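Residue numbers (our numbering): 2 to 152.
So the structure is just underneath, and the comments pick up after that.
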């Protein structure tokens, strides 16, 4: 703990941030792999127009990851003010579309298999956003020396 606040504290914060960020990036990569596996499975399945938020969610999560990786690489918190709002967008979209999908499954039971994959992909995307928030918290501490909670 002492080394986090001493003259070489910034170096220790950087090392700790890189080490923890690697864990978060590995988790993001696993979610991306799971999304690719789901897409491969779904390519020959019927499509249902119930996930209007899926593509915007993916775009939002990708932008969040770009912002935090850029911040990590440049030791900067530029753009981090948008991260919380973007995470809220993902959370709201997940809640909105999940309810829609569940309602759709009750009216069209044969869609359950495909719709379950839609829900999984949406949850993976939302978790990617959560891990981007965690990286942003670590980078903020690395750059400023102050803990930030990004939810």
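C-beta: ideal position from N, C-alpha, C; glycine also.
Being a predicted model, the structure only gives us computed values, none of them experimental.
Verify the contact flag: residue i, CB atom, against every heavy atom of the ligand MG, threshold strictly below 7 angstroms.
i, result
"residue 104", "Among the components of this structure there are no ligands whatsoever, and the ligand MG is therefore not found."
For a test of the three-state rule: what should DSSP assign to residue i, helix, strand or coil?
i, result
"residue 48", "coil"
"residue 54", "coil"
"residue 112", "helix"
"residue 148", "coil"
Return the first residue and the last residue of the alpha helix (DSSP H) that residue i is part of.
i, result
"residue 106", "84 to 108"
"residue 78", "Residue 78 -> no alpha helix (DSSP H), and no H or E assigned at all."
"residue 27", "10 to 43"
With burial defined as no fewer than 16 other Cβ atoms inside 10 Å of the residue's Cβ, what is the status of residue i: buried or exposed?
i, result
"residue 60", "exposed"
"residue 77", "exposed"
"residue 71", "exposed"
"residue 67", "exposed"
"residue 98", "buried"
"residue 109", "exposed"
"residue 14", "buried"
"residue 18", "buried"
"residue 23", "exposed"
"residue 16", "exposed"
"residue 103", "exposed"
"residue 48", "exposed"
Near residue i, what residues of its chain come up, given a Cβ to Cβ distance below 7 angstroms and the 5 sequence neighbours on each side ignored?
i, result
"residue 28", "132"
"residue 138", "149, 150 and 151"
Using a Cβ-Cβ cut-off of 8 angstroms (strictly less than) and excluding sequence neighbours within five positions of residue i, which residues of its own chain qualify?
i, result
"residue 88", "65, 130, 131, 133, 134, 151 and 152"
"residue 84", "65, 68, 69, 133, 134, 137 and 151"
Just to confirm my understanding: we take residue i, look at its own chain, exclude 5 residues before and 5 after, and list those with CB closer than 6 angstroms. What are they?
i, result
"residue 101", "51"
"residue 32", "125, 128 and 129"
"residue 94", "54 and 58"
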